């Protein structure tokens, strides 16, 4: 399955400090492997071993709740579903969200690459979240393939339509996350057009400041300061270019734009 010698035993990690949501306790419903419908060039997990769009239960709900009760959940500001890949690929996502919310009373955040949002069951599972952060790194299919490297059949249009459908059905806070790289730094006008279709509550701009391991490293799911042997470092847009993109998007959309500065 993987060359990683030390596999995780818990589906819960942290809390860790997040620039977006404060002190965050991570929930990893995919803890047995790295599982995702993307293979992003900037992925902090390294290699995605299971490249799929299929849903199933990887961690039984009973185990997740037991791991949560054994964690430092009281110290967290929020509970975030992320972990070792795309959390909406876990078929018990909705059930776990409801049970954790009932037990902790804390806000629930879900990070998703939005590839599954055309599935009504996924959208239903997400209704219990207080905040959903949807990835939108590209404005064209060309840059989608270069940056996110999705499973076959995923297009920018399918992603955008899924987010738009969720937007209509979901009453919580919806944000778009965009990772900026040299390959997409000149797509601001095209990206703004997609954002105007979606009309999220906010847009979060980020750059790939974390190392990219060449194999799956599960420890990096919650360790933002991790460093690894043989890790790749990606080129980032300049601070001047970031400021230009932020201003462009703000002018073209009127949306709240938040940029993480290195």
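Numbering (my numbering), first residue to last: 2 to 263. For glycine and all other residues, C-beta sits at the position ideal for the given N, C-alpha and C. Note that the coordinates shown come from a computational prediction; the quantities given were computed from them, not determined experimentally.
With 16 as the cutoff for other CB atoms within 10 Å, does residue i come out buried or exposed?
i           : result
residue 154 : exposed
residue 188 : buried
residue 10  : exposed
residue 239 : exposed
residue 287 : Residue 287 lies beyond the residue range present for the chain, which begins at 2 and ends at 263; the question has no answer from this structure.
residue 50  : buried
residue 91  : buried
residue 45  : buried
residue 74  : buried
residue 55  : exposed
residue 77  : buried
residue 34  : buried
residue 104 : exposed
residue 183 : exposed
residue 58  : exposed
residue 23  : exposed
residue 255 : exposed
My understanding is that residue i touches residue j, with C-beta atoms under 8 Å, so please give their C-beta distance in whole angstroms.
i           : j           : result
residue 69  : residue 140 : Going by Cβ atoms, the distance from residue 69 to residue 140 rounds to 38 Å, so no, they are not a contact pair.
residue 131 : residue 109 : 5 Å
residue 208 : residue 181 : 5 Å
residue 199 : residue 161 : 7 Å
residue 38  : residue 151 : 6 Å
Beta carbon of residue i, beta carbon of residue j: below 8 Å?
i           : j           : result
residue 124 : residue 81  : no
residue 185 : residue 138 : yes
residue 133 : residue 173 : yes
residue 243 : residue 195 : no
residue 115 : residue 135 : yes
residue 36  : residue 86  : yes
residue 204 : residue 246 : no
residue 273 : residue 60  : This structure cannot settle anything about residue 273, because the visible part of the chain is limited to 2 through 263.
residue 129 : residue 157 : no
residue 250 : residue 259 : no
residue 26  : residue 83  : no
residue 112 : residue 171 : no
In terms of residue numbering, what span does the beta strand (DSSP E) encompassing residue i cover?
i           : result
residue 132 : 132-136
residue 19  : 13-19
residue 25  : 23-28
residue 207 : 203-207
residue 111 : 109-113
Would you say residue i faces chain D, with C-beta separation under 8 Å as the test?
i           : result
residue 241 : Protein chains in the displayed structure number just one, and chain D is not present.
Quick one: give me the first and last residue of the alpha helix (DSSP H) that residue i is part of.
i           : result
residue 123 : 121-126
residue 105 : 94-105
residue 166 : 157-170
residue 80  : Residue 80 -> not in any alpha helix (DSSP H); beta strand (DSSP E) instead, spanning 79-82.
residue 197 : 189-199
residue 248 : 240-254
Opposite residue i in the DSSP bridges: which residues?
i           : result
residue 70  : According to DSSP, residue 70 bridges with nothing at all.
residue 37  : 52
residue 148 : The partner list for residue 148 (beta bridge, DSSP) is empty, contrary to what the question assumes.
residue 178 : 136 and 205
residue 260 : 206
residue 91  : 57
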